[in-house]
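Participant: Let me begin by handing over the structure; questions about it come next.
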Amino acid sequence: MTAALVKSTSRRPLYIDGSTRTVVRREGRALVVEAAHRAPGYFPVRRLTRIVSRAAVDWSAEALALCMEHRLPIVFVDREGSINGICTACARVETDFNSLIGALLDRPDWLARYEAICRSMQHHAVRTMYRVLRVPPRDLRPERARRILEGARAQTWSKEARAVLDEEIAVFSSSVAASSLSEAGCDTTRILASGGPDLVGDLAQIVRYDVELTILRIGRKRRVKDVSRPAIVSLLSRAEKSAVRVAEVWIHHVERSVREILV
């Protein structure tokens, strides 16, 4: 799979696989993806929510600029599935969310306050996971939650599938976080550059709990024979709607909590 839209909503994520020589260029208000021995793919940016660019994809400056004009996040991933970086556009105008985070960062206790907000959301996500998996919620530490998730995944998926899932769930969660924050008008690049929190990374951790549960449900309902990377990426599209909703709730909670702190 060189370039593919993952079916989920009217606007969809685009996955570009550069395992063979792949070039992305701009044509009007669309991206054209060209690869050896394949017909070019034509993707209007208005139909995209985010882009995952894997391996050595050759992006033209004009194509990157088009994505930035439309605040379309690009997640760059290496061949092994590790995230190399996330490219997002700076906000053209100041938004309420950016102003609130900026005001929070002016406080000497901003880090403790922000960490408390994140901790409450993480505890909520872990409790939800425990309820679904029928685990007593005695220990809400994230490291224990990860061990329980790994155990549940080992009982449901093959070793081969788990290796691919671990990489692709991380990429999927980060891309959902980046696109959701961009949709909310959050200038994550500027906030991080000014010494603020890694909003994309923190939100991705919460989104991942929800994605893991969705994949567990799918694996328990039916035996998935095709565990190739393209098949797993396609499978993850079923987690899209729920993951986006979790991201929206997290953003709303952070915004509301910061407002309460600043009163």
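Sequential numbering of the sequence shown, starting at 34, is according to my numbering. We treat Cβ as the ideally placed atom computed from N, Cα and C, and that holds for glycine.
Hey, how far is the Cα of Asp-91 from the Cα of Pro-46?
Facilitator: Within the sequence shown, numbered from 1, the residue matching residue 91 stands at position 58. Within the sequence shown, numbered from 1, the residue matching residue 46 stands at position 13. Computed Cα separation, rounded: 19 Å.
Participant: Is the separation between the beta-carbon of Ala-158 and that of Ile-284 shorter than 8 Å?
Facilitator: As a working mapping, residue 158 is identified with position 125 in the sequence shown. As a working mapping, residue 284 is identified with position 251 in the sequence shown. No, Cβ-Cβ distance for Ala-158 and Ile-284 is not below 8 Å.
Participant: According to DSSP, simplified to helix, strand and coil, what is Glu-288?
Facilitator: Translated into positions along the sequence shown, residue 288 becomes position 255. It is helical.
Participant: Taking all protein chains shown into account, do 16 or more other C-beta atoms lie within 10 angstroms of the C-beta of Pro-169, making it buried, or fewer, making it exposed?
Facilitator: By one-based count along the sequence shown, residue 169 stands at place 136. Exposed is the call here.
Participant: Please list the terminal residues of the continuous beta strand (DSSP E) segment that includes Trp-190.
Facilitator: Counted from its first residue, the sequence shown places residue 190 at position 157. It is not in any beta strand (DSSP E) - Trp-190 carries neither H nor E in the DSSP assignment.
Participant: Can you give the beta carbon distance from Gly-218 to Phe-130, rounded, assuming they're within the 8 Å contact cut?
Facilitator: Start at 1 with the first residue of the sequence shown, and residue 218 comes out as number 185. Start at 1 with the first residue of the sequence shown, and residue 130 comes out as number 97. Indeed they touch by this definition, with Cβ atoms about 6 Å apart.
Participant: Tell me, which residues are paired with Ala-68 by DSSP?
Facilitator: Within the sequence shown, residue 68 is the residue found at index 35, counting from 1. In DSSP, Ala-68 forms a bridge with Thr-55.
Participant: Check Ala-196 in the structure and name its three-state DSSP category.
Facilitator: The count along the sequence shown starts at 1 and reaches residue 196 at position 163. Here Ala-196 sits in helix by DSSP.
Participant: When the distance is taken between beta carbons, is Leu-214 closer than 8 Å to Leu-236?
Facilitator: Along the sequence shown, one-based indexing puts residue 236 at 203. Along the sequence shown, one-based indexing puts residue 214 at 181. Yes; because the gap between Cβ atoms is below 8 Å, this pair is in contact.
Participant: According to the Cβ coordinates, are Val-85 and Val-108 closer than 8 Å?
Facilitator: Residue mapping note: residue 85 aligns to position 52 of the sequence shown, counting from 1. Residue mapping note: residue 108 aligns to position 75 of the sequence shown, counting from 1. In this structure, Val-108 lies closer than 8 Å to Val-85 by Cβ.
Participant: Could you tell me which residues DSSP puts in a beta bridge with Arg-87?
Facilitator: Taking the sequence shown and counting its residues from 1, the one referred to as residue 87 is at position 54. Answer is Asp-50 and Val-110, bridged to Arg-87.
Participant: Considering only residues of the region 192-245, which uninterrupted alpha helix (DSSP H) runs meet the minimum length of 4 residues and lie entirely inside it, listed in chain order?
Facilitator: Runs found: 192-216 and 221-226.
Participant: Could you tell me the distance, in whole angstroms, from the CA atom of Ala-194 to the CA atom of Phe-205?
Facilitator: Within the sequence shown, the letter at position 161 stands for residue 194. Within the sequence shown, the letter at position 172 stands for residue 205. C-alpha separation (whole angstroms): 16 Å.
Participant: The alpha helix (DSSP H) with Pro-263 in it runs from where to where?
Facilitator: Against the sequence shown, residue 263 aligns to sequence position 230. Looking at the DSSP string, the run of the alpha helix (DSSP H) that includes Pro-263 is 262-269.
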